[in-house]
Every structure is written in C-alpha cells, then in structure tokens.
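Presented below is the structure to which this report refers.
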Amino acid sequence: MWHPPHQNISDIRLGVHLGSPNRGGVYLSHLANVGDAGKSTAGGQILFLSGQVDDRTIQKYEKEAKDKSRESWYMAYIMDTNEEERAKGKTVEVGRAHFETETTRFTILDAPGHKSYIPNMISGASQADIGVLVRMVTFCHWTPWEFMNSISGFRKCTLIFDLVILKVISARKGEFETGYERGGQTREHVQLAKTLGVSKLLVVVNKMDDPTVVWSKERYDDIQSKMMPFLKSSQYNVKKDVQFLPISGLLGSNMKTRVEERVCAWWDGPCLIEALDAVEVPPRDPEGPLRMPIIDKFKDLGNVVMGKTESGSICEGDSLLMMPNKAVVKVPALFCDEDRVRYADPGENVRVRLSGIEEEDILSGFVLCSVAKPIPAVTEFVAQLQILELLDNAIFTAGYKAVLHIHAIVEECEIVELMQQIDLKKKKPMKKTPLFVKNGAIVLCRVQVNNLICIEKFSDFPQLGRFTLRSEGKTVAVGKVTTLPTVANNA
Numbered sequence: 001m002w003h004p005p006h007q008n009i010s011d012i013r014l015g016v017h018l019g020s021p022n023r024g025g026v027y028l029s030h031l032a033n034v035g036d037a038g039k040s041t042a043g044g045q046i047l048f049l050s051g052q053v054d055d056r057t058i059q060k061y062e063k064e065a066k067d068k069s070r071e072s073w074y075m076a077y078i079m080d081t082n083e084e085e086r087a088k089g090k091t092v093e094v095g096r097a098h099f100e101t102e103t104t105r106f107t108i109l110d111a112p113g114h115k116s117y118i119p120n121m122i123s124g125a126s127q128a129d130i131g132v133l134v135r136m137v138t139f140c141h142w143t144p145w146e147f148m149n150s151i152s153g154f155r156k157c158t159l160i161f162d163l164v165i166l167k168v169i170s171a172r173k174g175e176f177e178t179g180y181e182r183g184g185q186t187r188e189h190v191q192l193a194k195t196l197g198v199s200k201l202l203v204v205v206n207k208m209d210d211p212t213v214v215w216s217k218e219r220y221d222d223i224q225s226k227m228m229p230f231l232k233s234s235q236y237n238v239k240k241d242v243q244f245l246p247i248s249g250l251l252g253s254n255m256k257t258r259v260e261e262r263v264c265a266w267w268d269g270p271c272l273i274e275a276l277d278a279v280e281v282p283p284r285d286p287e288g289p290l291r292m293p294i295i296d297k298f299k300d301l302g303n304v305v306m307g308k309t310e311s312g313s314i315c316e317g318d319s320l321l322m323m324p325n326k327a328v329v330k331v332p333a334l335f336c337d338e339d340r341v342r343y344a345d346p347g348e349n350v351r352v353r354l355s356g357i358e359e360e361d362i363l364s365g366f367v368l369c370s371v372a373k374p375i376p377a378v379t380e381f382v383a384q385l386q387i388l389e390l391l392d393n394a395i396f397t398a399g400y401k402a403v404l405h406i407h408a409i410v411e412e413c414e415i416v417e418l419m420q421q422i423d424l425k426k427k428k429p430m431k432k433t434p435l436f437v438k439n440g441a442i443v444l445c446r447v448q449v450n451n452l453i454c455i456e457k458f459s460d461f462p463q464l465g466r467f468t469l470r471s472e473g474k475t476v477a478v479g480k481v482t483t484l485p486t487v488a489n490n491a
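The numbering of the sequence shown is UniProt numbering, which starts it at 1 and goes up by one.
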C-alpha cells in the first residue's frame with residue numbers, strides 16, 4: 001500500500017479505496033500480464049523505465065543472459081527470477097512487482113501463459129482489475145504470453161492491474177496465428193480473463209521492432225481485425241473496454257513515452273503508461289463485509305496469509321473468522337508490500353499475520369471474513385454455465401466431472417443435474433429439460449464438490465461467484481453461481 005513518505009504508520013490511517021485517491025492523491029490498481037509473446041520482457045522494461053531497477057542490476061542481467069546465450073532475454077530476468085524460468089524462457093510462477101506513475105500505483109502480477117501453467121495463471125488473473133494481453137507481431141512461430149499477471153503473486157512480477165488485463169501479443173508472423181487459432185492459448189486467456197472478472201483489456205502488440213515487421217501498420221491492423229470478433233463473442237465491449245496499442249518490449253518503444261514519428265509515423269495514440277493511467281478501476285465497498293480469499297501462507301513470527309481484500313477492510317487488532325473451518329483469529333500485524341500498516345481497504349493485496357490458528361488449518365481457497373457476516377460454505381450450488389469447447393467425444397450431461405477454479409479454490413466437481421437450457425436466440429429458458437448439451441450452449445445446472453468451499457452468489461459478490469471448469473488441461477466451460485443452499489454451513 002502506498003503511503004506518504006517519512007510518516008509513521010501511527011500518524012496516518014493507511015488505506016486506499018480503489019477508484020478514489022488515498023491521502024497522497026495516488027490511485028491503486030492491479031494489473032495482470034499474460035502471454036508467451038514477451039510479457040516478462042515488457043514487464044521488466046516497465047519496471048526499468050519507471051526507475052524500479054537500476055543500471056547496475058540491468059548490466060548484471062545482461063551478462064547472465066549472454067552467458068546462457070539468451071542475449072535478448074535480459075529484461076525478462078527482472079520478472080522471471082528463478083532458474084527454471086530463465087532456462088526455459090517461460091514464466092512458471094506468478095510474479096509480483098510495483099511501479100508508480102503521477103496518479104496511480106500499480107501492482108504487476110506476472111502470470112504464466114503457457115498451457116502447462118494455466119492453473120497458476122488463473123490464480124493470478126483473479127486478482128487483477130486490468131488485463132494486459134501481450135501479442136507478438138513478428139513473422140515466425142508464435143507463442144502467446146502467459147496469462148497476464150497471475151491472481152496470486154506477492155513477489156516481484158510482471159503486469160496485473162485490478163479488473164484490467166494486459167494481453168501481450170506477438171506481431172511476428174506465425175506467432176500470433178499459433179496462439180489465436182482454434183485451441184490456441186490467446187483465446188483461452190481472453191475467455192479466462194473475462195470469466196475471472198477482468199473487465200478492461202489492453203491488447204499490447206509486441207515485437208513491432210522485429211525485422212520481419214518494422215512497425216508495419218498492415219500487420220498491426222490485421223491482428224486487430226482478426227481479434228475483434230472473438231473479443232466481442234467473449235462479451236467484451238470492444239469500444240469501451242478494449243484498447244489496442246503497439247510496443248517494443250525489448251527496446252521500450254511506446255511504453256513510457258510515445259514512439260517517435262520517425263520510427264512509427266502512423267501511430268498517434270497513447271503509450272502504454274498513458275493507457276494504463278487512463279483506465280477507470282471499478283470501486284469496491286469499504287463498508288461491506290470482509291472477504292479475503294487466501295492465496296498462500298508462510299511462517300514469519302507466526303502464521304502469515306496472503307490475499308486480496310475483495311470487500312470490506314482489515315485493521316490491526318481485528319478479530320476475524322477463517323472459513324470454512326470457523327476458526328476465530330486475531331490480526332497482530334498487517335503488511336502491504338514491505339510496509340507494516342494499520343489498515344487496508346478493499347482491493348489491497350496484503351499479508352496478514354494471524355494468531356489463534358495453526359498453519360495446517362489454513363489452506364488456499366479459505367476465506368478471511370467478518371465474524372458477524374461469514375461467507376457461505378457449501379458442497380453444492382446452482383450455476384449458469386456456458387460450454388466453450390468440450391474435449392473430443394465428451395458429452396456434457398449429469399455425471400460430467402471436471403476441475404472447478406473459483407477465486408483461489410481448485411476443487412474436483414461433478415455436474416449432478418442439468419436443470420434448464422437457455423435459448424440463445426430468445427435468451428429465455430427452454431421448456432424441455434435437457435439430457436445433454438453441446439459446445440456453445442448455456443445451461444443452468446447443479447454442481448457438487450466433495451469438500452466445503454467458500455463462495456458467494458455472483459449477484460452479491462462477482463469476484464467470488466464466477467468460475468471456470470477445466471478438464472485434461474483445457475478450459476471447457478465458464479460460469480457464475482446463481483443459487484446457494486438455503487442453509488449454508490455458516491458460523
């Protein structure tokens with residue numbers, strides 16, 4: 001959390017309301033960075049241009065990359081910090097980092113986009129308000145950026161902003177096509193971003209400096225025209241909620257300052273930082289009941305949990321409830337970034353030291369909440385599902401099993417009943433109860449899990465009521481919780 005410098009935490013009531021400035025007049029936003037098209041390089045470049053990384057560190061990374069015969073990867077080393085990521089050139093874990101503009105403080109969540117790490121990406125994206133979709137423009141084999149900053153990153157990472165996703169796309173010929181064709185990761189990233197509540201999408205066309213592109217307007221326009229219909233079908237308002245812009249993540253062109261006319265004469269739009277600053281982040285209710293899904297935990301003078309306050313606020317000294325195990329806990333200390341604070345408002349990514357609970361009694365997907373207004377804990381719920389793409393020969397019917405991803409929860413589930421199918425033309429329920437449905441169908445169904453999970457109706461808490469279903473490494477459906485049992489397992 002940002003706070004004015006040189007003030008003791010006891011002197012100020014720390015906290016930032018998303019959508020409104022804090023005492024320093026700085027807005028808070030979380031950005032997700034996804035794709036295989038150079039997102040970590042772009043994220044590292046943003047941190048360098050904003051003064052978060054010094055020249056000596058960059059020189060060190062240049063030498064390390066050269067020693068590995070990966071000279072062009074050095075900027076990605078800022079975000080990809082472990083040896084596996086550097087060796088493979090792929091983001092594996094969700095990274096986290098911060099930078100500030102004159103008006104906004106951004107948290108970057110660098111999420112894996114490669115299909116093998118999509119679950120990590122889902123975790124990262126769920127914490128984002130802004131999505132940055134990074135695409136490569138160059139003319140050769142394309143791999144999409146790992147899904148923009150993962151929901152859960154608490155370490156240094158690439159690009160994730162609250163309710164906005166930055167999707168990085170490669171302009172290199174063949175790389176965009178590979179990620180965008182049927183079954184490609186770009187499509188899955190966009191669908192997941194929308195499902196996870198990322199309402200704003202920045203589509204960043206990267207590698208515009210590649211020798212096969214050389215800032216070609218024709219190539220840029222071709223990518224935009226191909227993506228627009230799919231973005232519309234994913235329920236993005238392409239006029240209000242989607243913005244395309246070209247960059248070179250490696251050179252830093254059109255990122256902090258606008259690209260020079262001699263380099264790209266046809267671009268008269270904003271640079272990346274200007275576009276991010278202009279995004280309006282939706283407000284959250286600081287007076288609402290506390291809801292903080294647990295992303296991770298660790299030991300540090302006690303048990304510390306990490307997560308994002310989706311609703312309500314947390315104060316040092318609070319008594320809270322850990323659901324679904326109904327444990328009453330105390331908050332001896334609270335941290336935003338590396339700073340100890342007394343207070344955190346909704347939208348904050350925080351670390352909370354807890355007393356009154358053992359480490360083994362805390363799992364990812366548990367939720368810290370108000371004692372007076374606990375979150376429902378259920379093993380069954382009714383949801384509206386949209387079927388995206390079933391695996392070959394699969395039938396979506398009662399008995400269908402998949403893996404449920406909802407906020408930080410990953411749980412096996414079963415469809416126990418198909419209740420109603422929605423007529424896509426009339427947008428009304430059909431009279432006949434379906435026995436099975438096909439790709440593209442929208443159906444109301446009853447979902448069952450083995451263990452208690454903490455969720456909300458989508459109409460009450462969208463962030464805790466939307467989910468994806470995955471099977472054999474693919475996203476097969478997206479949905480929203482419509483009805484919970486009358487008597488949920490509350491405290």
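Heads up, the beta-carbon is just placed ideally off N, CA and C, and yes, glycines get one too.
Bear in mind that the values here come from a model prediction, so they are computed numbers and not experimental data.
On the criterion of 16 or more Cβ atoms from any shown chain inside 10 Å, does residue i qualify as buried, or is it exposed?
i           : result
residue 266 : exposed
residue 475 : buried
residue 218 : exposed
residue 486 : exposed
residue 395 : exposed
residue 105 : buried
residue 292 : buried
residue 328 : exposed
residue 71  : exposed
residue 260 : exposed
residue 450 : exposed
residue 438 : exposed
For residue i, which of helix, strand or coil comes out of DSSP?
i           : result
residue 224 : helix
residue 307 : strand
residue 506 : Any question about residue 506 goes unanswered here, given that the chain covers just 1 to 491.
residue 230 : helix
residue 428 : strand
residue 190 : helix
residue 355 : strand
residue 343 : strand
residue 333 : strand
residue 48  : helix
residue 518 : Past the edges of the chain, shown from 1 to 491, lies residue 518, and the structure says nothing about it.
residue 75  : helix
residue 172 : strand
residue 100 : strand
residue 108 : strand
residue 256 : coil
residue 433 : coil
residue 138 : With a pLDDT of 36 at residue 138, under the threshold of 50, the modelled position of this residue cannot be trusted, and the question is left open.
residue 494 : An answer regarding residue 494 cannot be provided, because it is not within the stretch 1 to 491 covered by the chain.
residue 60  : helix
Alpha carbon to alpha carbon, what distance is there between residue j and residue i?
i           : j           : result
residue 417 : residue 100 : 49 Å
residue 379 : residue 60  : 51 Å
residue 460 : residue 421 : 23 Å
residue 226 : residue 405 : 29 Å
residue 335 : residue 45  : 27 Å
residue 478 : residue 465 : 11 Å
residue 414 : residue 385 : 13 Å
residue 274 : residue 256 : 8 Å
residue 341 : residue 240 : 36 Å
residue 322 : residue 243 : 39 Å
residue 317 : residue 377 : 25 Å
residue 286 : residue 264 : 44 Å
residue 212 : residue 76  : 22 Å
residue 222 : residue 330 : 55 Å
residue 493 : residue 407 : The shown model of the chain, from 1 to 491, leaves out residue 493, and the question about it has no answer.
Please check if any C-beta of chain B sits within less than 8 Å of the C-beta of residue i.
i           : result
residue 307 : Of the protein chains in this structure there is only one, and it is not chain B.
Look up residue i in the DSSP assignment and give the residues it is bridged to.
i           : result
residue 405 : 410, 468
residue 322 : 327, 368
residue 219 : Answer is none; residue 219 lacks a bridge partner.
residue 293 : 367
residue 423 : 428
residue 385 : 443, 479
residue 418 : 445
residue 377 : 454
residue 315 : 343
residue 350 : 307
residue 397 : 436
residue 474 : 471
Does the beta-carbon of residue i, which I'm using as the reference point, lie nearer than 7 Å to any heavy atom of the ligand HEM?
i          : result
residue 75 : Within the structure as shown, the ligand HEM is missing, as the structure has no ligands at all.
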